[in-house]
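The sequence shown begins at 488 in the working numbering and counts up by one.
By construction, the Cβ of each residue, glycine as well, lies at the ideal position given by its N, Cα and C atoms.
Values in this document were obtained by computation on a predicted structure and should not be read as measured data.
Each remark here refers to the structure printed beneath this line.
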Amino acid sequence: MLQGRWEEEIQHAVLSDYFAGAEKIPRNKIHREFLIEVKELDQGKIKVKISADFIIDRGDYYELIERKGWNHPAVNIGPALGQALVYRQLMEMNKNYPAGGEKPVKLGLCFVDGFKNEYGRWMNAHDELLAALAKSIKQELRVYLVKPREAEFAEEKYWFNSANYCVDPQVKVFK
């Protein structure tokens, strides 16, 4: 996930709106990323931090969502799933983390569907891949697809205007 002002001012606000609209989740149940050090895993100057992109409180469980810009299997889907698995385990290990040990943590992934390049269109092969991954890790995966209203907005400048965001969120569940 990109760091800095853009992430805080643009991405979090817009994607929180998106998640709230995707399944009518109250805004106060959508938590943005926050960092907590895991001192047990620190190695010298390199600090280990828990840094999930979003955590949604769904009542009886938390959903941890890792977001990537595109949906290329090796460049984006693999790292997103790997990071989500690691963050979830760190959350469960760290009792100081807000979700640590309180409730089960399920995994969600968020990708953009609509960039104007060979990696931007979500296809049936993506569905097959995510279904197979969900079976191999024996866990449900929720995938949120963010789509632009128009293809011409499917580039970086698109993210600076939340009015360009999709009004019909797509959520896929793989078991």
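{"Check": "Cβ-based neighbour list, P566, same chain, cut-off 8 Å, excluding 5 preceding and 5 following", "Outcome": "K555"}
{"Check": "Given L594 as reference, the closest of L628, L620 and V573 once Cα atoms are compared", "Outcome": "L628"}
{"Check": "For E589: DSSP bridge partner residues", "Outcome": "Partner(s): none; E589 has no beta bridge."}
{"Check": "Euclidean distance between Cα positions of E510 and E579", "Outcome": "25 Å"}
{"Check": "Test item: CB-CB of V630 and K659 under 7 Å", "Outcome": "yes"}
{"Check": "Nearest to I542 (by Cα), restricted to the options F598, N581, I517 and V599", "Outcome": "I517"}
{"Check": "Beta-carbon proximity list for L568, same chain, < 7 Å, skipping 5 on both sides", "Outcome": "L596 and L620"}
{"Check": "Among E524, F506 and K532, nearest to L551 - alpha-carbon criterion", "Outcome": "F506"}
{"Check": "H559 in three-state terms, based on DSSP", "Outcome": "coil"}
{"Check": "Run of the alpha helix (DSSP H) containing R575, from where it starts to where it stops", "Outcome": "G565 to M580"}
{"Check": "Rounded straight-line distance, which links the Cα of I564 to that of M488", "Outcome": "Below a pLDDT of 50, predicted positions are generally treated as unreliable, and M488, at 37, falls in that range; the measurement from the model is reported next regardless. Rounded to the nearest angstrom, the two C-alpha atoms are 13 Å apart."}
{"Check": "First through last residue of the alpha helix (DSSP H) which encompasses K622", "Outcome": "N611 to S623"}
{"Check": "N-terminal and C-terminal residue of the beta strand (DSSP E) that K659 is part of", "Outcome": "Q657 to F661"}
{"Check": "N581 classed as buried or exposed, judged by whether at least 16 other C-beta atoms fall within 10 angstroms", "Outcome": "buried"}
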